[in-house]
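Report on one structure; see the data block that follows.
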Amino acid sequence: MQDSNTIRPEIRGLFEVVKQQSKQYMEAFEQLENQKLEYQHIINDINNLADSLTLKINHEIFSFKQKYEDLSKILTIETNKTLDKYKEIADLAQLQTSYSKALESITLIKGSIEKNTLQLQKESEEYIREFNFLKNNTNKEINLILSDKEELIRRISKEEIAIWSNEINTQFKSASTRLNKLEQSFSLSNSQLSNDFKRLYKDLDNIKSLVKNFNKKDIEENKHRLDSVEQNLSKYDQSLASLSSDFYHFKIKNESPLAPIQSLENEIKETMKPVQSSVDNSITAFFGKDYEDEHKKLLLRLNKTESALGELQSKYNSAQLIAIGSIIIAILSIAIAIAI
Amino acid sequence: MDLLRRSKRLQPKTYLDVLAEQGWLDLYLDNYSKDRMQNDTEYKNRVYDAMYNYSKELNEDVEIYFLEQFVECLSYFNEYTKVCRIATQSDQK
Chain U
806 MQDSNTIRPE
816 IRGLFEVVKQ
826 QSKQYMEAFE
836 QLENQKLEYQ
846 HIINDINNLA
856 DSLTLKINHE
866 IFSFKQKYED
876 LSKILTIETN
886 KTLDKYKEIA
896 DLAQLQTSYS
906 KALESITLIK
916 GSIEKNTLQL
926 QKESEEYIRE
936 FNFLKNNTNK
946 EINLILSDKE
956 ELIRRISKEE
966 IAIWSNEINT
976 QFKSASTRLN
986 KLEQSFSLSN
996 SQLSNDFKRL
1006 YKDLDNIKSL
1016 VKNFNKKDIE
1026 ENKHRLDSVE
1036 QNLSKYDQSL
1046 ASLSSDFYHF
1056 KIKNESPLAP
1066 IQSLENEIKE
1076 TMKPVQSSVD
1086 NSITAFFGKD
1096 YEDEHKKLLL
1106 RLNKTESALG
1116 ELQSKYNSAQ
1126 LIAIGSIIIA
1136 ILSIAIAIAI
Chain R
10 MDLLRRSKRL
20 QPKTYLDVLA
30 EQGWLDLYLD
40 NYSKDRMQND
50 TEYKNRVYDA
60 MYNYSKELNE
70 DVEIYFLEQF
80 VECLSYFNEY
90 TKVCRIATQS
100 DQK
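These protein sequences, in sequence, are chains U and R. Just so you know, the first sequence maps onto residues 806 to 1145 in my numbering. Just so you know, the second sequence maps onto residues 10 to 102 in my numbering.
As structure tokens, this is what we get:
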């Protein structure tokens, strides 16, 4: 500070002291500023470090968080898997228990089935026994009924055959008597015819002789005679027609009685055939071989009766043939007579 | 600071410097620029600088002015170093 007279020297000395102190303060403040700057640098470095550390820590925390999340996810997945496995194991345990229960029930059912089979076997044996007993009884009863029925059928058939044979015999007898009568009438008519033919021949001879002495009166007489001859011929025709009709009726009557006998025989044979075999077996089992002999005898008798019926039928046929032949001969003789 | 002083010395003298050197400044201020001294601080500083540099007589107003300035500076300094002082006091305790 320059020397000034306006201010007292004490004040100026004070100002000088203050000036020096201020210089010292300046230096101190400068040092402080420097220290401050250094501190600020250090603080900045520390802040940077802190920032970097915080960044690193945040990064690490983030990575840890991500790792933690991943781990938690993995853990949840693994826990779910383990839970599923536990569930499967629990299901398997349930299945095992149900399977064991089913096995127990199967064993129980098997035991009951075995018991039932044994019971069924016993029942079936009893049933077979009962069935055999019933079968034997029914066979016996059936054999008895069959034997009774067979005897009844035999008796009825015998009675029927006897009735029919009697009827046939009577009809045969009546037919034979009628045939005889017809033969007699036929012979009588033949003799009459021969007489008439003789008379005709005589008349024809007379006519031939008269033709030689032919005139009108004689012609008229001859005409009358011819008319009478024609009338006689018409009468012969009528008698021949009546004979043929009689023979036709006789043939029908002779054929009709044989048909029901034959049908009855056939029916008896057909009914007897199935019954006979079963009945024979049962009866032979019951009576033995004695019945077979009796049965053979009966069969022989039946065959005999059948052969007798056949002979009768052949006789009827031969009689028919004779009658037809005689009629044909008569017709031929009439025709020859007319032609002559 | 020296350069500033030197530059000020090299500057031409103002009318205030001349008045202060001749001892007419107090009269000039009382008669012509009393109000300005009260209101214009820059003008006031120029006036007291001129008195301090060029006046040859003791002036109480200048002393008071510079002491007031000094007190202001010290109070500012006290305020500025208050934190340090409190810290040192707490350290001492």
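Glycine included, each C-beta is placed from N, C-alpha and C at the ideal position.
Item	Value
If we count Cβ pairs, one from each stretch, closer than 8 angstroms, do we get three or more for the region 77-92 of chain R versus the region 41-48 of chain R?	no
Taking the alpha-carbon positions, what's the Tyr-932 of chain U to Thr-922 of chain U distance?	14 angstroms
State the start and end residues of the unbroken alpha helix (DSSP H) segment that holds Asn-810 of chain U.	Unbroken run through Asn-810 of chain U: none, as it is neither H nor E.
Can you list the residues of chain U that Met-111 of chain R reaches, using a CB-CB cut of under 7 angstroms?	Since the first residue of chain R shown is 10 and the last is 102, residue 111 of chain R is not available in this structure.
Quick one, which of U:Lys-978, U:Leu-842, U:Leu-998 and U:Thr-943 has its alpha-carbon nearest Tyr-1121 of chain U's?	U:Lys-978
Comparing alpha-carbon positions, which option in R:Tyr-61, R:Ser-42 and R:Arg-94 lies nearest Ala-29 of chain R?	R:Tyr-61
The alpha helix (DSSP H) with Asp-49 of chain R in it runs from where to where?	Neither: Asp-49 of chain R is in no alpha helix (DSSP H) and is coded neither H nor E.
Using a cut-off of 8 angstroms between C-beta atoms, extract the partners of Lys-91 of chain R located in chain U.	None at all; the shortest Cβ gap to chain U is about 14 angstroms.
Spatial neighbours of Arg-55 of chain R within its chain, please: CB distance less than 7 angstroms, with the 5 preceding and 5 following residues excluded, ordered by chain position.	Leu-25
At a CB-CB cut-off below 8 angstroms, which residues of chain U make contact with Ser-64 of chain R?	Ser-809, Asn-810 and Thr-811
For Leu-1117 of chain U, which residues of its own chain have a beta-carbon under 8 angstroms away from its beta-carbon, when the five flanking residues on both sides are left out?	Ile-973 and Phe-977
Does the CB of Asn-68 of chain R have a neighbour CB from chain U at under 8 angstroms?	yes
I'd like the span of the alpha helix (DSSP H) that includes Lys-22 of chain R, first residue to last.	Looking at the DSSP string, Lys-22 of chain R is not in any alpha helix (DSSP H), and its letter there is neither H nor E.
At a Cβ threshold of 8 angstroms, is Val-71 of chain R touching chain U?	yes
Is any beta-carbon of chain R found at less than 8 angstroms from that of Ile-816 of chain U?	yes
Buried or exposed for Leu-34 of chain R, please, with buried defined as at least 16 other CB atoms from any protein chain shown within 10 angstroms of its CB.	buried
Does DSSP put Leu-860 of chain U in a helix, in a strand, or in coil?	helix
Of all the options U:Leu-913, U:Ala-1128 and U:Tyr-891, which has the alpha carbon lying nearest to the alpha carbon of Leu-984 of chain U?	U:Ala-1128
For Thr-1146 of chain U, count neighbouring Cβ atoms within 10 angstroms of its own Cβ and tell me buried if that reaches 16, exposed if not.	Here chain U covers residues 806 to 1145 and nothing more, so residue 1146 of chain U does not appear.
By the criterion of Cβ-Cβ separation under 8 angstroms, what are the contact partners of Leu-76 of chain R in chain U?	Ile-816
Could you spell out where the alpha helix (DSSP H) holding Glu-88 of chain R opens and where it closes?	69-89
If we ignore side chains and look at the alpha-carbon of each, how far apart do Ser-827 of chain U and Tyr-41 of chain R end up?	38 angstroms
Under the rule that 16 or more other beta-carbon atoms within 10 Å means buried, what is Asn-68 of chain R, buried or exposed?	buried
Could you work out which residues of chain U lie near Tyr-52 of chain R, taking near to mean beta carbons separated by less than 8 angstroms?	Residues of chain U passing the Cβ test: none, with the nearest at roughly 18 angstroms.
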